[in-house]
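Below is one structure, written out as structure tokens; comments come after it.
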Amino acid sequence: MTVDGEPQSVLWQDGCIVAVDQVALPHHERRIRITRVDQLIATVSRLAIRGAPSLAAAGALGVLLSAHSRRTPFDAAGIRADAGRLAAARPTAVNLRWAVDRMLAVLDGGYPALEREADAILGEIVTANAALASATADFVCAATARHRLRVLTHCNTGWLATLRIGTALGAVLRLHERGRLERVYCTETRPLLQGARLTCWELDRAEVPHALLVDSAAAAVMARGAIDCVIVGADRIAANRDTANKVGTLALAIAARHHGIPFVVAAPTSTIDEATPSGAGIPIEHRYAEEVTHFGLELTAPRRTEVENPAFDVTPGELVSAVITEHGVYRPGG
Ligand code: MRU
Numbered sequence: 001m002t003v004d005g006e007p008q009s010v011l012w013q014d015g016c017i018v019a020v021d022q023v024a025l026p027h028h029e030r031r032i033r034i035t036r037v038d039q040l041i042a043t044v045s046r047l048a049i050r051g052a053p054s055l056a057a058a059g060a061l062g063v064l065l066s067a068h069s070r071r072t073p074f075d076a077a078g079i080r081a082d083a084g085r086l087a088a089a090r091p092t093a094v095n096l097r098w099a100v101d102r103m104l105a106v107l108d109g110g111y112p113a114l115e116r117e118a119d120a121i122l123g124e125i126v127t128a129n130a131a132l133a134s135a136t137a138d139f140v141c142a143a144t145a146r147h148r149l150r151v152l153t154h155c156n157t158g159w160l161a162t163l164r165i166g167t168a169l170g171a172v173l174r175l176h177e178r179g180r181l182e183r184v185y186c187t188e189t190r191p192l193l194q195g196a197r198l199t200c201w202e203l204d205r206a207e208v209p210h211a212l213l214v215d216s217a218a219a220a221v222m223a224r225g226a227i228d229c230v231i232v233g234a235d236r237i238a239a240n241r242d243t244a245n246k247v248g249t250l251a252l253a254i255a256a257r258h259h260g261i262p263f264v265v266a267a268p269t270s271t272i273d274e275a276t277p278s279g280a281g282i283p284i285e286h287r288y289a290e291e292v293t294h295f296g297l298e299l300t301a302p303r304r305t306e307v308e309n310p311a312f313d314v315t316p317g318e319l320v321s322a323v324i325t326e327h328g329v330y331r332p333g334g
């Protein structure tokens, strides 16, 4: 699925949302056509649309979809109710609520105002990604002595997760284009394998040299001196730079600090939640036990085993070397 010659994860087409089915990858390259808000909520909940900026796009287009079906007569209360349910579908990624709130702020202008706002939000997401990917590549080049960098990343932060280009993975692509990338190490990202299934799929298509690691191998690879920097995305950054991202990020940040490796967060300002003073206030989504007890359809643990399955963790700001947005390095209060 491409727009202006570039791959795009979610778009508006003839009164419907069309999205790449991220659950089907890497085996099947399928699109989903979404015609109802309930269908969108189910799609977002099962992670067929996922990643904070792609969720923002889904939030904006979801409110538009609701308004499209409630146009005559214009049912503002119904649209607000749909918007509330949609915003709650993934509680950690603040970008979803950010986009929904922006749409609701122009609701009084009716359907044309919502159409304009959705268009503006999607455009801003793409512009921000382009700027922050380049700024992050500049930062890590300046922060590391080697010419060709060995980067470690976690989860999926490419165009699938971010609408277009990518955030952390966008920076990796910029390094590759500049001839400054030796290789990118991708963690598998248990339990749903966003790293193995999605990041490796994107890198393979873009012909970027990469290697896949089981999550628990990352510290050992750092210890043998094979990583120059870690670059990850974020789902919500508190005002003090505490950063919620895919579970496993905290362990990478601790290991990076131990080994003296820069740990960089690349995210748009729509991921920064100034209203939340610290990570303690970030809601963490807990997901189904079956994601952990099964590998695909195969049961891999005793049936009665209890499970904890937090989808995200919070890395304290003091372990983050820099948060890079489309405006450059984020400094709390400044
Ligand atoms: O549960 P997911 O797959 O939606 O989690 C995604 C992540 O944690 C990404 O790292 C984050 O959204 C940043 S995407 C640029």
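full-length UniProt numbering puts the first residue of the sequence shown at 1, with every later residue one more than the last.
The beta-carbon is built from N, C-alpha and C at its ideal position, and this holds for glycine as well.
> Got a list of residues with beta-carbon closer than 6 Å to any non-hydrogen atom of ligand 1, in chain order?
Replying inline: Leu47, Arg50, Gly51, Ala52, Pro53, Ala93, Cys155, Thr157, Ala161, Thr162, Thr167, Gln194, Gly233, Ala234, Asp235, Asn245, Lys246 and Ala311
>> So, at 8 Å on beta carbons, what are the nonlocal neighbours of Thr247 in its own chain, with the 5 sequence-adjacent residues on each side left out?
In response: The question names Thr, but residue 247 is Val in the sequence shown. Excluding residues within five positions, the ones whose Cβ falls inside 8 Å are Pro310, Ala311, Phe312 and Asp313.
> From the DSSP output, which residues share a beta bridge with Asp4?
Replying inline: The partner list for Asp4 (beta bridge, DSSP) is empty, contrary to what the question assumes.
> For the region 81-105, which segments carrying the alpha helix (DSSP H) assignment without a break, of at least 4 residues, lie completely within its bounds, in sequence order?
Replying inline: 94-105
>> With distance defined between alpha-carbon atoms, name the residue in Thr189, Glu182 and Leu132 nearest to Ala168.
In response: Leu132
>> Distance check for Ala161 and Pro7, CA to CA, integer angstroms please.
In response: Rounded to the nearest whole angstrom, the C-alpha separation of Pro7 and Ala161 is 11 Å.
> Cys200 by DSSP, collapsed to three states: which one?
Replying inline: helix
> Which partner residues of Gln13 appear in the DSSP bridge assignment?
Replying inline: Cys16
> Alpha carbon to alpha carbon, how far is Arg287 from Ala58?
Replying inline: If you take the alpha carbons of Arg287 and Ala58, they lie about 20 Å apart.
> From Asp119 to Gly110, what distance separates their C-alpha atoms?
Replying inline: 15 Å
>> Helix, strand or coil, according to DSSP, for Tyr111 in the structure here?
In response: Helix, per DSSP.
> Sorted by chain position, which residues of the same chain lie with C-beta nearer than 7 Å to Val259's C-beta, five sequence neighbours on each side aside?
Replying inline: Residue 259 is actually His in this sequence, not Val. Same-chain partners within the cutoff: Met222 and Ala223.
> How should Gln13 be labelled, buried or exposed, when 16 other C-beta atoms within 10 angstroms of its C-beta is the threshold for buried?
Replying inline: exposed
> In the DSSP assignment, what are the bridge partners of Leu212?
Replying inline: Cys186
>> Based on DSSP bridge pairs, tell me the residues matched to Gly328.
In response: Thr325
> Can you list, in chain order, the residues of its chain whose CB lies under 7 Å from that of Glu291, leaving out five sequence neighbours each side?
Replying inline: For Glu291, the CB contacts under 7 Å within the same chain, skipping 5 residues up- and downstream, are Pro191, Leu192 and Asn309 in chain order.
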